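Quick note on numbering: full-length UniProt numbering labels position 130 of the sequence shown as 130, and the sequence is numbered without any gaps.
The beta-carbon is built from N, C-alpha and C at its ideal position, and this holds for glycine as well.
It should be emphasised that the depicted structure is a prediction, and the values quoted were computed from it without experimental measurement.
Taking it in order: structure first as C-alpha cells, then the write-up.
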Amino acid sequence: MDWMTVLGTVGVIVLQGLSFWFLYWLWKKLRTPKAPRAGAAPLAIKGGAVPVVATFTGLRGLPWVALATNSLNPVLRIESEQLVYRVLRQRERPFADIRQVDVREAYGTFNLIFEFHDARRTFVANVGTAARGAQALAQLPPGVPLSARAQAAAADGH
Numbered sequence: 001m002d003w004m005t006v007l008g009t010v011g012v013i014v015l016q017g018l019s020f021w022f023l024y025w026l027w028k029k030l031r032t033p034k035a036p037r038a039g040a041a042p043l044a045i046k047g048g049a050v051p052v053v054a055t056f057t058g059l060r061g062l063p064w065v066a067l068a069t070n071s072l073n074p075v076l077r078i079e080s081e082q083l084v085y086r087v088l089r090q091r092e093r094p095f096a097d098i099r100q101v102d103v104r105e106a107y108g109t110f111n112l113i114f115e116f117h118d119a120r121r122t123f124v125a126n127v128g129t130a131a132r133g134a135q136a137l138a139q140l141p142p143g144v145p146l147s148a149r150a151q152a153a154a155a156d157g158h
C-alpha cells in the first residue's frame, strides 16, 4: 500500500463521518420543538387592536389564495362602528359592509376571513391562535354575520 491509497481512504472515511454527523444534526434540529413565535404568544386584545401575525387580500371562495400580503406592519382594529385593517394601505369599513366572517385553521395559523357585500376581494387576518381568534370574534358586534365555523370557534373559545 502506498501513501496515496492510505490518504485517500482516510479522506473518504472522514468525509463520510462528517456527512453522517451533518445529517444527524439536521435531523435533531428539525425534531426539536420550536419556541412559539412572538405573534402567536397569548395576548389580550386591548382597545380593539387585535395582534396579528400577517394580513392578506384574498378572493371570495378561494380562502387560501392571497393576492397581497403584509407581515411587516399588519393592522386589525375593531372599533365601535367600523373595522380598520391594513394590507397594502389602511382601510376602514363599517360593520354593515361585512357580508360574512369565516375562519380557517391550519398548523400554526388561525385566519379570520372578512367578506364584504360590495367586493369580490376579502380581507384575511392571521391571528396566530384559536384563542386569539375567539377573542377577536367576541369583539365584533352581534349584527355581524358569522359562518358556522366562526360561530363554533367563537363558542369554543379554545
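Scanning its chain for C-beta atoms nearer than 6 Å, with the 5 sequence neighbours on each side dropped, one finds around Q100 the residues E115, P145 and S147, in chain order. In this structure, the alpha-carbon of A153 lies about 10 Å from that of R132. When only Cα atoms are considered, L30 and F20 end up about 15 Å apart.
Every alpha helix (DSSP H) stretch that sits fully inside the stretch 109–145 and reaches 4 residues is listed by chain position as 130–139.
Counting only runs of 3 or more residues that sit fully inside the stretch 47–103, the beta strand (DSSP E) segments are 54–59, 62–70, 75–78, 82–86 and 90–94, in chain order. In its chain, beyond the 5 residues on either side, D97 have a beta carbon closer than 7 Å to the beta carbon of D118. Secondary structure note for T32: it is in no alpha helix (DSSP H), with a DSSP letter that is neither H nor E.
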